[in-house]
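Colleague: In this text, residue positions in the sequence shown follow our numbering: the first is 10, and each later residue adds one. Glycine residues also receive a C-beta, built at the ideal position from the N, C-alpha and C atoms. These figures come from a predicted structure and were not determined experimentally. Sending over a structure as C-alpha cells; questions will come in a sec.
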Amino acid sequence: LFLAAGTAFATWTSGDRSDSIKRAIDDGSAKNIILFIGDGMGESEITVARNYSLGAAGKFPGIDAPTFTGDATTFAVQEADPSKPDYVTDSAASGTAWATGVKTSNNRVSTTPKTDLDVKTILELAQGKGWATGNVSTAEITDATPAVLSSHVRLRGCQGPADMATCPQDVKPAGPGSIAEQTVDHHVDVVLGGGKQRYDQKITGGPDAGKSVIESAERQGYKVVTNRADLLAYRGSKLLLGLFTAGNMTTEWNGALASPYPGSGPQRCNEANRPANEPTLAEMTRVAIDRLDDSNGRGWSWKKKRHESDGFFLQVEGASIDKQDHAQNPCAQIGETVAFDEAVQVGLAYAARHKDTLVIVTADHGHTSQIIEPQSATDHSPGAISTLVTADGVNMVVNYATNLNGRSQSHTGTQIRVAAQGPQAANVLGLVDQTDLFRLMKRAMGAS
Ligand SMILES: [Zn+2]
C-alpha cells in the first residue's frame with residue numbers, strides 16, 4: 010500500500026499540482042464540464058465498495074481522486090409549503106437542485122414546488138452557450154436523474170407518452186410531452202442508457218402523433234443504437250440515442266441478498282453478471298466524451314457544424330448503486346459503485362489531457378447500507394444483513410435496516426460528499442448545498 014502511494018506521488022509534478030489548484034481557486038472558466046452522479050452513493054456506500062474491492066486502506070482511482078472535497082446538504086422542500094424542508098430527498102428533487110439551483114418537492118422534475126413552473130437547467134444553459142451536451146445513465150434514461158437535465162414535468166413517473174395519466178398538463182400538444190419526448194425534442198447530442206420501453210410508446214399529439222418516440226428521434230436527426238457493438242462501431246455524424254435495455258440496465262455484479270440474522274454469506278460476489286450486448290458505464294462515458302470532444306483527431310466535422318462553441322457538458326449517472334441499495338443486494342450495489350469508479354476514471358483521464366475541464370463527482374442522496382460489527386444471537390440488527398469477504402480477506406457485515414426485510418429500503422437525509430477538480434472546483438470545499446453545484450457549474454461555464 011505504501012508502494013502504491015509512493016508510485017502515485019512520483020508521477021505527480023509539483024508544477025502540475027499548484028497550477029491546477031490555482032485554476033480551481035481562481036474564477037477560472039471551463040471549456041468542458043463532466044458531472045458524475047453516483048445515485049444513492051453516500052459515504053457509507055463508497056466505504057462498503059472500497060473495503061470489498063480494494064481493502065480498507067485502498068483508494069478508488071476515480072471516486073477518491075479529485076483534489077477538492079466537501080459535503081453537500083440534500084434536503085428537498087414540501088410541496089404544500091415549500092418554505093418547509095423535506096429532510097429526505099428523492100433523485101428528482103435532488104436532481105432539480107443540482108441541475109437548476111432551485112429546491113423542489115420530491116417527484117418533481119425541474120419544475121417549481123406548488124407553482125409547477127419550468128426552471129432552466131444547466132444542460133439548457135450549456136446549449137444556450139452553443140456547447141454540445143450528453144446524458145448517460147445505467148437506469149432508464151427517462152429516470153429522474155437524467156430526466157432533470159432535459160425535461161420539465163410535474164411527476165417523475167411521466168416517462169413515456171403512455172405514462173402521462175398523472176401529468177395531464179404536460180401532454181402534447183398543449184404541453185411539452187413526456188420525459189422521453191422532451192429529451193428527444195431537446196436534441197441532446199448523446200443520450201445513452203436503458204429505458205427503450207418508453208421510447209417504443211406512441212406519441213399522442215403534435216407533429217409526430219402516432220409515431221413512436223424512437224421514430225420521432227430518427228425524424229429529428231438521431232441515430233438509434235440498441236446494443237454494445239453498434240454503439241462502439243458508430244462513427245456517423247448524427248445525434249446519438251442508445252437504448253440498451255427495455256428497463257434499467259443489468260448490474261455488473263450479483264450475489265445473495267441481505268436477510269434477517271444470521272444473514273447471507275459469508276460471500277464473495279459474482280463479478281460477471283452483465284450480458285455482453287450491454288455496454289459498461291465506462292464504455293458509454295468514453296463514447297460520449299469521444300463524440301462531444303472535437304479535439305480528438307477523429308476528423309468528425311459534425312460538431313463544428315452543429316455547435317457555435319467547442320465546449321461540452323456531460324452528465325454520467327451510476328444509477329443502480331441506489332436501486333440495489335433499495336433491493337438490499339450488497340454485491341450488485343458494490344459492483345455498480347466499482348463500475349461508476351471506472352467511468353469516473355475515463356472522465357479524469359480526459360481531464361488530465363484537457364486541463365480546462367471541470368469534473369465533479371458526487372451523489373444525489375444518502376442511502377441505507379451500513380458497515381456494522383460482527384453479529385451474535387443476542388446482539389444483532391433487526392434488519393437484513395449480509396457478510397462479505399473483502400479484498401483484505403476479512404469478513405465485513407453490511408446492514409440494511411431502513412425498512413422491513415424485503416421491502417424497498419429507504420433513502421436517508423444525510424449530507425453527501427462532493428469531489429471536484431478543474432476550474433471553480435475549490436468552491437466545493439466545506440459545507441455546501443446541492444443547489445450550489447448548479448451555480449458553480451454556471452460560473453465555470455460563463456453562462457448568464
Ligand atoms: Zn432511490
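(1) Answer with buried or exposed for E190, where buried requires no fewer than 16 other C-beta atoms within 10 angstroms of its C-beta.
(2) Cutting at 8 angstroms between CB atoms, please list the residues of its own chain near E227, excluding the five before and the five after it.
(3) Quick one, are the C-beta atoms of D319 and K40 less than 8 angstroms apart?
(4) At which residues does the beta strand (DSSP E) containing I425 begin and terminate?
(5) Just how far apart, CA to CA, sit L413 and G71?
(6) Exposed or buried, what is E382 when buried is set at 16 or more other beta-carbons lying within 10 Å of its beta-carbon?
(7) Is H161 near ligand 1, in the sense that its beta carbon is under 7 angstroms from a heavy atom of that ligand?
(8) Would you tell me roughly how many angstroms separate the C-alpha atoms of A265 and T366, rounded to the nearest one?
(9) Using a Cβ-based criterion (distance less than 7 angstroms to any ligand heavy atom), does S103 qualify as near ligand 1?
(10) Please determine whether the Cβ atom of H389 lies at a distance below 7 angstroms from any heavy atom of ligand 1.
(11) Ligand 1 and S100: does the residue's C-beta get closer than 7 angstroms to at least one heavy atom of that ligand?
(12) Can you name the residues that DSSP bridges to D95?
(13) Whole angstroms is fine: what's the gap from N263's alpha carbon to A341's?
(14) Between the C-alpha atoms of T109 and L132, what's the straight-line distance to the nearest angstrom?
(15) Of all the alpha helix (DSSP H) runs that stay within the bounds of the stretch 219-283, which reach a length of 4 or more residues?
(16) Taking DSSP as the reference, what is the three-state secondary structure of K129?
(17) Looking only at its chain, what residues have a beta carbon closer than 6 angstroms to the beta carbon of V437, apart from the 5 residues adjacent to it on each side?
(18) Are there three or more Cβ pairs, one per stretch, closer than 8 angstroms when the stretch 179-198 is compared with the stretch 142-156?
(19) Hey, would you say the C-beta of G49 is under 7 angstroms away from at least one heavy atom of ligand 2?
(20) Would you tell me roughly how many angstroms separate the C-alpha atoms of L63 and Q384, rounded to the nearest one?
Modeller: Inspection of the coordinates gives the following:
(1) Along the sequence shown, read from residue 1 onward, the residue named residue 190 stands at position 181. Counting Cβ neighbours within 10 Å, E190 comes out buried, since at least 16 surround it.
(2) Residue 227 sits at position 218 when you count from the first residue of the sequence shown. Hits under 8 angstroms: V233.
(3) Taking the first residue of the sequence shown as 1, we reach residue 319 at position 310. Taking the first residue of the sequence shown as 1, we reach residue 40 at position 31. Yes, the pair counts as a contact, with Cβ atoms nearer than the cut-off.
(4) The residue labelled residue 425 in the question sits at position 416 within the sequence shown. If you look at I425, you'll find it in the beta strand (DSSP E) that goes 425-430.
(5) Locating residue 413 in the sequence shown gives position 404, counting from the first residue. Locating residue 71 in the sequence shown gives position 62, counting from the first residue. Cα to Cα, L413 sits roughly 34 angstroms from G71.
(6) The residue you call residue 382 lines up with position 373 of the sequence shown. The residue is exposed, with fewer than 16 neighbouring Cβ atoms inside 10 Å.
(7) Residue 161 sits at position 152 when you count from the first residue of the sequence shown. No - ligand 1 has no heavy atom lying nearer than 7 angstroms to the Cβ of H161.
(8) Here residue 265 refers to the residue found at position 256 when the sequence shown is read from its first residue. Here residue 366 refers to the residue found at position 357 when the sequence shown is read from its first residue. One C-alpha to the other measures close to 40 angstroms.
(9) Translated into positions along the sequence shown, residue 103 becomes position 94. Not under cutoff, so the answer is no.
(10) Locating residue 389 in the sequence shown gives position 380, where the first residue counts as 1. It does not: the Cβ of H389 is nowhere closer than 7 angstroms to a heavy atom of ligand 1.
(11) The residue labelled residue 100 in the question sits at position 91 within the sequence shown. Taking 7 angstroms as the cut-off, the C-beta of S100 counts as close to a heavy atom of ligand 1.
(12) Position 86 of the sequence shown, counted from the start, is the residue given in the question as residue 95. DSSP lists A85 as partners of D95.
(13) Here the question's residue 263 lines up with position 254 in the sequence shown. Here the question's residue 341 lines up with position 332 in the sequence shown. Spanning the alpha carbons of N263 and A341 requires a straight line of approximately 5 angstroms.
(14) Here residue 109 corresponds to residue number 100 of the sequence shown, with the count starting at 1. Here residue 132 corresponds to residue number 123 of the sequence shown, with the count starting at 1. Separation of T109 and L132 (C-alpha to C-alpha, rounded to the nearest whole angstrom) is 9 angstroms.
(15) Runs of the alpha helix (DSSP H) lying entirely within the stretch 219-283, each at least 4 residues long, are 222-228, 237-242 in chain order.
(16) One-based indexing of the sequence shown puts residue 129 at position 120. Correct three-state label for K129: coil.
(17) Here the question's residue 437 lines up with position 428 in the sequence shown. Contacts found: F77, G79, V427, A429.
(18) Output reads yes: the stretch 142-156 touches the stretch 179-198.
(19) In the structure on display, ligand 2 does not appear, and the ligands it does have are ligand 1.
(20) Locating residue 63 in the sequence shown gives position 54, where the first residue counts as 1. Locating residue 384 in the sequence shown gives position 375, where the first residue counts as 1. Roughly 23 angstroms separates the two Cα atoms.
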